[in-house]
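Asker:
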Amino acid sequence: MIDNKKWRALIRLLRWECPCPIPVKVRRVKVSQDIYGDTEYLDKPGPHYVIRISSDIEDWGMVKATLIHEWAHCFAHSPHLWMAERTKITDHGPQYGISYAACYTAVEEDQ
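Be aware that the sequence shown starts at 14, since it is given in the numbering used here, and climbs by one per residue.
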């Protein structure tokens, strides 16, 4: 069982240290068995990102690593890049790498 206090603290830290241009909603839910999490851009009821982390993951290190990975997608991209495709976000290019490093560093330096 994942400690909800640690979970909420991690989300607050990422919001503070790696702010995204639009709101980010984070959920632990059942997802496809072949993934740990995913990120999606939605424009209704207003523009926002949705990060879904698998509720099946019980290892805190894996939950933390997955949230950092997915948050970096939101931190790296502008909504206008996603609006055209209306799909889950999968880009792992140079901008993502820079964003991932910033998110990872923010979390690990806080530990």
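Quick reminder that beta carbons are idealized off the backbone N, C-alpha and C, glycines included.
Note that the structure is a prediction, hence the values are computed from the model and not measured.
(1) State the CB to CB distance for the pair K77 and V120, rounded to an integer number of angstroms; the pair is presumed to be in contact (CB under 8 Å).
(2) Between which residues of its own chain and L27 is the CB-CB distance below 6 Å, once the five residues before and five after are set aside?
(3) If you drop the 5 nearest sequence neighbours on each side, which residues of the same chain put their C-beta closer than 7 Å to that of Y109?
(4) Along the chain, where does the beta strand (DSSP E) that runs through G50 open and close?
(5) Applying the criterion that 16 or more other CB atoms from any shown protein chain within 10 Å of the CB defines a buried residue, is H82 buried or exposed?
(6) Taking the alpha-carbon of V44 as reference, which of P58, L23, S68, D123 has the nearest alpha-carbon?
Answerer: Looking at the coordinates:
(1) 7 Å
(2) W84
(3) A85, H86, A89
(4) 50–55
(5) buried
(6) S68
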